[in-house]
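Chemist: Per the working numbering, numbering through the sequence shown is continuous, rising by one, with the last residue being 155.
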Amino acid sequence: MSNQQPVGVIRAECKSCGWTLERSLDAADLEPEQNQGIATRVVYSHSYKCQSDGEDGWGEQTDVDMQLDMTGEPS
């Protein structure tokens, strides 16, 4: 495991329910592209599974804002 600063952080927030995700691009000793892919899939899944509409399970897609922060600073 490296003691270097992360190369970047992906942050996401659901505009409907306030759910958030923060994933470092060097998490779990994976390549940045792999971590970005994982974050993208988690965000995509949440956008359909968000329970802000009161429904349990897959519903209408909600708006989830996702950003890449290359400073590597935690929020």
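The beta-carbon is built from N, C-alpha and C at its ideal position, and this holds for glycine as well.
Just how far apart, CA to CA, sit L148 and D133?
Modeler: Along the sequence shown, one-based indexing puts residue 148 at 68. Along the sequence shown, one-based indexing puts residue 133 at 53. So the alpha carbons of these two residues sit roughly 28 Å apart.
Chemist: Per the DSSP calculation, A92 is bridged to which residue(s)?
Modeler: By one-based count along the sequence shown, residue 92 stands at place 12. According to DSSP, A92 bridges with L101, M146.
Chemist: Buried or exposed, going by whether 16 or more other CB atoms sit within 10 Å of the CB of R121?
Modeler: By one-based count along the sequence shown, residue 121 stands at place 41. Exposed, by the Cβ-count rule.
Chemist: Going by beta-carbon coordinates alone, are L101 and R91 separated by less than 9 Å?
Modeler: Walking along the sequence shown from the start, residue 101 turns up at place 21. Walking along the sequence shown from the start, residue 91 turns up at place 11. In this structure, L101 lies near R91, with their beta-carbon atoms less than 9 Å apart.
Chemist: So what does DSSP say about V87, is it helix, strand or coil?
Modeler: Residue mapping note: residue 87 aligns to position 7 of the sequence shown, counting from 1. Here DSSP, grouped into helix, strand and coil, assigns V87 to coil.
Chemist: Quick one: grab the DSSP three-state call for G117.
Modeler: Reading the sequence shown from its first residue, position 37 is the one you call residue 117. Looking at G117 - three-state DSSP - the assignment turns out to be helix.
Chemist: Tell me which same chain residues have a C-beta within less than 8 Å of the C-beta of S96, skipping the five on either side of it?
Modeler: The count along the sequence shown starts at 1 and reaches residue 96 at position 16. Residues of the same chain with a CB within less than 8 Å of the CB of S96, apart from the 5 flanking positions on each side, are C130, S132, D133, T142, D143 in chain order.
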